[in-house]
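Numbering (the numbering used here), first residue to last: 1 to 121.
Here is the structure:
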């Protein structure tokens with residue numbers, strides 16, 4: 001699946017390409033997703049369902065912490081809103097851009113540190 005270029009070009013801040021587990025929920029459903037890229041302000045991810053624009057989401061984002069081989073995951077809980085979406089006509093999946101609208105200062109710092117200092121493979 002190829003990432004739509006026009007979504008990638010609309011960045012508010014520096015993003016890193018990263019495939020992270022991303023759990024989102026809204027009222028009567030919860031679904032798993034994976035990020036394609038992420039910043040401290042939002043993420044582009046792929047989901048299996050059509051989520052309407054401006055939908056408010058509860059998010060659980062797993063961020064690796066520590067160094068291998070004892071690498072752990074830190075789960076950041078936050079709220080976000082779907083600001084863009086695009087359907088992949090081949091797979092039927094959806095690319096959604098999520099703006100992080102409510103994140104604690106501690107979790108924001110954790111996310112910023114990860115984005116800025118992520119270990120390279």
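Quick reminder that beta carbons are idealized off the backbone N, C-alpha and C, glycines included.
Treat the numbers as computed from the prediction; the structure is a model and nothing was measured.
Open item on the list: With a threshold of 8 Å on Cβ separation, who are the neighbours of residue 49 within its own chain once the five nearest residues in sequence on each side are excluded?
Closed with: Around residue 49: 29, 31, 94.
Open item on the list: Which runs of the beta strand (DSSP E) at least 3 residues long sit entirely within the segment 37–92? Give them in chain order.
Closed with: Qualifying beta strand (DSSP E) stretches, in chain order: 42–47, 56–65, 72–87.
Open item on the list: Quick check on residue 115: does DSSP put it in helix, strand or coil?
Closed with: Helix, per DSSP.
Open item on the list: Once DSSP output is grouped into helix, strand and coil, what is the label at residue 17?
Closed with: Residue 17 falls in the strand class under three-state DSSP.
- [ ] Pull up the distance between the alpha-carbon of residue 81 and that of residue 107, whole angstroms please.
- [x] Roughly 17 Å separates the two Cα atoms.
Open item on the list: As a quick exercise: from 85, 52, 61, 51, pick the residue whose alpha carbon is nearest that of residue 114.
Closed with: That would be 61, whose Cα lies nearest to the Cα of residue 114.
TODO: Kindly say whether residue 21, judged by its beta-carbon, lies nearer than 8 Å to any beta-carbon of chain C.
DONE: Although the question refers to chain C, the structure presented lacks it and comprises just one protein chain.
- [ ] Leaving out five residues on either side along the sequence, give the residues of the same chain with a beta carbon under 8 Å from the beta carbon of residue 55.
- [x] Closer than 8 Å at the Cβ level, and outside the excluded window around residue 55, lie 26, 81, 82.
- [ ] Note down the Cα distance separating residue 47 from residue 109, rounded to an integer number of angstroms.
- [x] A direct Cα-Cα distance of roughly 26 Å separates residue 47 from residue 109.
Task: DSSP bridge partner residues for residue 30 (one or two, in chain order) - done: In the DSSP secondary-structure assignment, residue 30 is bridged to 25.
TODO: Starting from the Cα of residue 87, find the closest Cα among 51, 20, 24 and give me that residue.
DONE: Residue 51 is the option with its Cα nearest to residue 87.
- [ ] Just tell me which of 37, 77, 104 has its CA closest to the CA of residue 24.
- [x] Out of 37, 77, 104, 77 has the C-alpha closest to the C-alpha of residue 24.
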